[in-house]
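Once you know that position 466 of the sequence shown is 480 in our numbering, the rest is easy, because the numbers rise by one and skip nothing.
For every residue, glycine included, the Cβ atom is placed at its ideal position computed from N, Cα and C.
A quick write-up on the structure given underneath.
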Amino acid sequence: MKYISTRGSNQHMTSAQAIIAGLAEDGGLFVPEELPQVDLSFIEGLTGLSYQERAAKVLSCFLTDYTAEEIRGCVERAYGGGKFDDETIAPLNIMEDVSVLELWHGPTSAFKDMALQLLPQLLSTALKKTGEKNQVLILVATSGDTGKAALEGFKDVEQTRIIVFYPENGVSRIQRLQMVTQQGSNVAVTAVRGNFDDAQSGVKAIFSDKAFNEELHKNGAALSSANSINWGRLVPQIVYYFSAYADLLKAGRIKAGDKISFTVPTGNFGDILAGYYAMRMGLPVKKLICASNTNNVLTDFLRTGVYDRNREFFKTISPSMDILISSNLERLLYHVVDDAGQVAEWMSSLAEKGSYDIGAENLQKIQAVFGFDWADDTKTMDTISSIYDKKHYIADPHTAVAWNSAYHYMAEGNSEPMVVVSTASPYKFNESVLTAFGHSTAGFDEFQLLDKLQAMNSFPIPAGLASLKNSAVRHSQLVDKTAMKQAVAGFAAGK
Ligand SMILES: *Cc1c(COP(=O)(O)O)cnc(C)c1O
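Structural data, given as structure tokens:
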């Protein structure tokens with residue numbers, strides 16, 4: 015299977031090459047040339063398997079240039095070895111009305127671990143396979159969770175170095191602590207004066223700076239990405255949609271072939287797009303509901319067909335969804351219209367005017383699969399507190415945004431089984447969660463807040479958060495958004 019650019023340049027890459035490159039030469043994203051198909055017996059065959067085995071089966075549909083043994087090795091190193099605090103890796107918590115797919119049992123307590131434990135393994139295997147001698151320098155812009163998860167995934171991985179940029183005031187205190195205390199001999203963490211989109215635009219500009227990249231090459235380094243634009247980030251996420259379906263089958267909640275729906279708290283559109291790939295492969299999915307916070311650019315797009323980023327940017331209590339440019343949407347557009355020239359046109363309109371319009375016909379195709387809804391902070395808080403009252407379950411704000419949308423959708427008379435995709439441990443967003451419960455958080459430090467939340471439920475505080483208390487700050491660099499390139503150059507030079 016070959017990978018091509020969403021914008022139509024003539025690159026045909028193997029998956030290993032696409033994972034090393036990250037972004038296509040023309041600025042587009044790599045997509046599989048055709049989508050693999052599976053049947054119901056493939057899906058039923060997953061029920062008796064471990065998560066690692068399920069992952070190997072699904073990944074092998076896409077990574078056709080990796081041997082079965084290479085895939086097994088990658089998956090074992092990513093999800094084995096006790097790095098996840100639940101041996102089923104992505105447990106499905108089946109409740110009476112909805113099922114909650116908990117994607118936050120990895121080392122950094124957020125769903126990004128699902129992909130970022132695996133990506134470094136896929137990448138280092140790809141380097142070996144292709145005989146690439148350059149050191150790969152991973153550049154990441156993060157709205158919080160990606161940065162830490164990428165650092166954990168890449169720390170001390172051979173032939174790689176990683177530099178992470180985060181918006182100075184755009185991440186939670188816990189997220190910041192997780193990053194600035196990061197260990198490892200090949201890591202750097204830098205705050206940027208600006209918001210997430212500033213950081214992401216800065217990273218994109220560095221990637222497309224030809225002269226700078228040539229300079230790095232001369233010094234034996236090549237840039238790559240761990241953002242969800244990298245195919246190696248996206249493909250691991252397809253697995254848990256299959257895994258959730260298999261768990262519902264196993265529990266006798268559905269019969270093979272029954273359609274189910276997923277509600278996904280969405281920012282960069284990577285998570286929900288993985289669900290779309292699963293559906294296109296043959297997973298019986300009725301709807302994928304895209305849940306946004308007050309930065310509801312995707313809600314408006316899915317309603318009107320007009321993507322317009324010219325709008326106010328809000329800081330919310332679900333910061334990992336505070337995004338105005340959802341990069342992975344480009345992949346969906348490509349698969350829906352199957353016309354790279356058209357996608358390239360829309361993307362240049364987005365770059366120049368900040369907006370594009372896909373027209374009624376394309377919109378209809380998208381709406382046949384995607385639902386859309388959003389919740390502001392007040393509604394999100396209400397949802398956290400009402401779920402706790404009814405179920406004694408604590409949802410983090412991102413999960414609550416989705417849960418609220420799922421209930422809306424179900425209240426409209428949709429009765430198929432619903433999976434709420436849960437993307438972060440509530441402990442990571444303890445301040446908002448405790449506020450939702452009416453507790454005062456003023457005057458308490460992060461660690462007292464963790465203890466307060468612990469007292470309310472039976473989930474233990476994740477080890478990676480508890481240990482932050484005694485970790486030293488190792489990264490305190492702060493730069494203007496115009497100085498990001500110098501920061502990369504400095505890191506690259508300081509081998
Ligand atoms: C990244 C993230 C999201 C959004 O996922 P996308 O793939 O960017 O749509 C939602 N919730 C949490 C906690 C996240 O870290």
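* To do: Select from Ile337, His119 and Glu166 the residue whose C-alpha is nearest the C-alpha of Ser199.
  => Per the Cα distances, Glu166.
* To do: Would you mind reading off the limits of the alpha helix (DSSP H) that contains Arg267?
  => Premise fails: Arg267 is in no alpha helix (DSSP H) and is neither H nor E.
* So, Tyr291 versus Ile252, is the Cβ gap smaller than 8 Å? -> Closer than 8 Å, so yes.
* To do: Tell me the start and end of each unbroken alpha helix (DSSP H) in the stretch 315 to 347 that is at least 4 residues and wholly inside, in chain order.
  => No alpha helix (DSSP H) of 4 residues or more sits fully in the stretch 315 to 347.
* Taking 7 Å as the cut-off, is the CB of His412 close to at least one heavy atom of ligand 1? -> Answer for His412: yes, Cβ within range of ligand 1.
* Entirely enclosed beta strand (DSSP E) segments - the stretch 195 to 273, minimum 3 residues -> With a minimum length of 3 residues, the continuous beta strand (DSSP E) runs that stay inside the stretch 195 to 273 are 201 to 207 and 235 to 239.
* Asked: So what does DSSP say about Gln173, is it helix, strand or coil?
  -> Three-state result, Gln173: coil.
* Measuring CB to CB, does Ala17 end up less than 8 Å from Pro50? -> Residue identity differs from the one stated: residue 17 is Tyr in this sequence, not Ala. With respect to Pro50, Tyr17 sits apart: the two C-beta atoms are not nearer than 8 Å.
* Start and end of the alpha helix (DSSP H) containing Lys483? -> Boundaries cannot be given for Lys483, as no alpha helix (DSSP H) includes it and DSSP labels it neither H nor E.
* Asked: Bridge partners of Val278, per DSSP?
  -> According to DSSP, Val278 bridges with Cys304.
* Asked: Helix, strand or coil: how does DSSP classify Met432 here?
  -> Note: Met432 maps to strand in three-state DSSP.
* **Thr280 versus Lys329, Ala416, Ile408 and Lys162, residue with shortest Cα-Cα distance** => It is Ala416.
* Asked: Between the Cα of Lys329 and the Cα atoms of Phe210, Asn227, Cys304 and Phe451, which residue gives the shortest distance?
  -> Distances from the CA of Lys329 to each of Phe210, Asn227, Cys304 and Phe451 were compared; the closest alpha carbon is that of Phe210.
* To do: Could you check how far apart the C-beta atoms of Thr61 and Leu263 are, in whole angstroms? I think they sit under 8 Å.
  => That belief holds up - the Cβ atoms of Thr61 and Leu263 are roughly 5 Å apart, short of 8 Å.
* Does ligand 1 have even one heavy atom less than 7 Å from the beta-carbon of Asp159? -> Yes - ligand 1 has a heavy atom lying nearer than 7 Å to the Cβ of Asp159.
* Trp360 by DSSP, collapsed to three states: which one? -> DSSP places Trp360 in helix when its eight states are reduced to three.
* To do: Starting from the Cα of Glu228, find the closest Cα among Met432, Gln192, Asn148 and Asp159 and give me that residue.
  => The shortest CA-to-CA distance from Glu228 to any of Met432, Gln192, Asn148 and Asp159 is the one to Asn148.
* Determine, using beta carbons only, whether Val206 and Ser490 come nearer to each other than 8 Å. => No. Outside cutoff.
* **Length at least 4, wholly inside the stretch 391 to 457: the alpha helix (DSSP H) runs in chain order** => Runs found: 391 to 405, 411 to 425 and 444 to 450.
* Asked: Nearest to Ala124 by alpha carbon, out of Val178, Leu248, Lys301 and Ala164?
  -> Taking only the C-alpha atoms, the option nearest Ala124 is Ala164.
* Could you give the residue range of the alpha helix (DSSP H) that holds Ser138? -> For Ser138, the enclosing alpha helix (DSSP H) covers residues Leu133 to Thr144.
* To do: Please report how far the alpha carbon of Ser341 lies from the alpha carbon of Tyr423, in whole angstroms.
  => CA-to-CA, the gap between Ser341 and Tyr423 works out to about 26 Å.
* **Option nearest Gly504 by Cα separation, candidates Ile103, Arg325, Leu73 and Ile177** => Here the closest residue by C-alpha is Ile177.
* May I ask you to verify whether the stretch 20 to 38 touches the stretch 126 to 145, counting CB pairs closer than 8 Å and requiring at least 3? => Judged by Cβ distances under 8 Å, the stretch 20 to 38 makes contact with the stretch 126 to 145, as three or more pairs qualify.
* Below 8 Å between beta carbons: does that hold for Tyr441 and Ile475? -> Taking 8 Å as the cut-off, the beta carbon of Tyr441 is found closer than this to the beta carbon of Ile475.
* Asked: Which of helix, strand or coil does DSSP assign to Asn309?
  -> Three-state DSSP puts Asn309 in coil, outside helix and strand.
* Beta carbon of Phe179 nearer than 8 Å to that of Gly120 -> No; because the gap between Cβ atoms is not below 8 Å, this pair is not in contact.
* Asked: Do Val52 and Cys75 have their C-beta atoms within less than 8 Å of each other?
  -> Closer than 8 Å, so yes.
* Any 3 or more C-beta pairs closer than 8 Å across the stretch 297 to 314 and the stretch 361 to 373 -> With contact defined as three or more Cβ pairs closer than 8 Å, the stretch 297 to 314 and the stretch 361 to 373 are not in contact.
* Is it buried or exposed for Arg247, if we count other Cβ within 10 angstroms and need 16 for buried? -> Under this definition Arg247 is a buried residue.
* Can we count Ile398 as close to ligand 1, meaning its CB is less than 7 Å from some heavy atom? -> No, the beta carbon of Ile398 sits no closer than 7 Å to any heavy atom of ligand 1.
* Should the stretch 393 to 411 be regarded as contacting the stretch 310 to 326, the criterion being three or more beta carbon pairs within less than 8 Å? -> Because the criterion of three Cβ pairs below 8 Å is not met, the stretch 393 to 411 and the stretch 310 to 326 do not touch.
* **Val434 burial status per 10 Å Cβ neighbour count (16 or more: buried)** => Val434 comes out buried.
* Asked: CB-CB under 6 Å to Lys495, same chain, minus the five flanking residues each way: which ones, in chain order?
  -> Closer than 6 Å at the Cβ level, and outside the excluded window around Lys495, lie Val206, Gly208, Asp212 and Gly216.
* Asked: If you drop the 5 nearest sequence neighbours on each side, which residues of the same chain put their C-beta closer than 7 Å to that of Ala506?
  -> Same-chain partners within the cutoff: Leu151, Leu230, Asn233 and Ala235.
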